[in-house]
Structures are given as C-alpha cells and as structure tokens.
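Undergrad: Below: one structure in structure tokens.
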Amino acid sequence: MATKPIEKHSQLAQVSVAKAEEIDRVTQNPGGERGALITLINSIYLADIPTDAKRSMTDLLQQLIEHAQLEARFRTLLTKADAAFIKKLEADYPNLTQRDTLISLFIKLGYDTREIARRVGISTRGMESIRYRLHKKIGREKHESLKTYLAKL
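This note's numbering applies: residue 9 is where the sequence shown begins, and numbers increase by one.
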C-alpha cells in the first residue's frame with residue numbers, strides 16, 4: 009500500500025521535471041534556479057523526516073519558485089513586498105496586461121512618468137497615455153490619485 013503514493017509521486021515528479029525543462033527551453037534558461045529548487049523539493053519529499061517539517065520546507069521552496077518565476081516574467085529583481093503587490097494586483101484586476109502590472113509597480117514605488125517611460129522603453133507621451141488607460145482599467149475616479157491607490161493596495 010505504501011508503494012502507491014511513492015509511485016504516484018515519482019510519476020508527478022517526472023511530469024514536473026519535463027514541464028520545467030520545456031519552460032527552460034522556451035525561455036532560454038536551461039536548468040535555471042527553478043530546476044534546482046524543484047530537485048530540492050523532490051529530495052525533501054523522499055527524505056526520512058517528519059511530515060510537518062517536510063511541508064514547511066517544501067512550502068518555503070514553492071514560494072521561492074513562484075518569486076523566481078515572477079522575476080523572470082517581469083525581467084527585474086523584486087522584493088517580497090513587490091511580489092506580493094503584483095499577486096494582489098493581478099488577483100484584483102485580471103484584465104491588466106503584464107506591462108500594465110509592471111508600470112503599476114513602478115508607480116507604486118514612486119517613479120515619475122519620465123523615469124518609467126525610460127525604463128519601459130517608450131516615449132513620455134506614450135507613458136502618459138498608458139497611465140491614463142491604466143487609471144480607467146483600475147476604475148479610479150477622475151480626481152483619484154493612481155499612485156495613492158496603488159500605494160494602499
């Protein structure tokens with residue numbers, strides 16, 4: 009009876025490794041940090057330690073994997089607070105694009121329009137347009153500050 013969960017875990021681990029390899033191939037990041045973390049999770053799962061300890065270790069590693077994926081997706085280093093902000097923003101406003109989310113993060117961090125435009129690689133006028141549309145997508149009233157709202161989020 010004990011072999012069935014182990015066999016099931018082995019099958020899931022093989023599928024997980026195959027998917028991670030495919031993601032790495034597509035993103036041009038062979039191996040990467042995520043692969044090492046997944047290997048570590050599998051090693052912890054197979055180790056002879058109490059279940060509660062396994063759970064807390066694997067949960068922490070899963071959070072690290074998610075954080076690494078966010079950093080790779082946005083191509084910038086993120087603090088834990090930044091990652092939490094992005095998750096909250098994406099949960100509350102699923103209609104935002106990846107660029108909208110990144111710009112929202114920069115607005116929250118206090119960057120001005122010119123700095124964000126330079127960082128994103130567009131003109132200042134283009135950034136003003138994006139900021140206007142972002143204001144509408146988030147559903148703020150005409151006189152409500154987007155920066156203040158995002159800082160509170």
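For glycine and all other residues, C-beta sits at the position ideal for the given N, C-alpha and C.
Thinking C-alpha only, which one of Arg127, Leu142, Arg122 and Val23 is nearest arginine 133?
TA: Taking only the C-alpha atoms, the option nearest arginine 133 is Arg122.
Undergrad: Can you tell me whether leucine 113 is buried or exposed? The criterion is at least 16 other CB atoms within 10 Å of its CB, across all chains shown.
TA: So leucine 113 counts as buried.
Undergrad: Where do the ends of the alpha helix (DSSP H) carrying tyrosine 140 lie?
TA: Segment 132-146, the alpha helix (DSSP H) holding tyrosine 140.
Undergrad: State the DSSP-derived secondary structure class of leucine 157, mapped to helix, strand or coil.
TA: This sequence places tyrosine at residue 157; leucine is not what is there. Here tyrosine 157 sits in helix by DSSP.
Undergrad: Does the separation of the CB atoms of leucine 161 and histidine 143 fall below 7 Å?
TA: No, these two residues do not count as a Cβ contact at 7 Å.
Undergrad: Can you round the beta-carbon distance between serine 24 and isoleucine 52 to whole angstroms, since I take them to be within the 8 Å contact cut?
TA: Actually they are not in contact, since the Cβ atoms of serine 24 and isoleucine 52 sit about 14 Å apart, beyond 8 Å.
Undergrad: Starting from arginine 63, trace the alpha helix (DSSP H) in both directions and tell me its first and last residue.
TA: It spans 59-82 - the alpha helix (DSSP H) in which arginine 63 sits, taken as one unbroken run.
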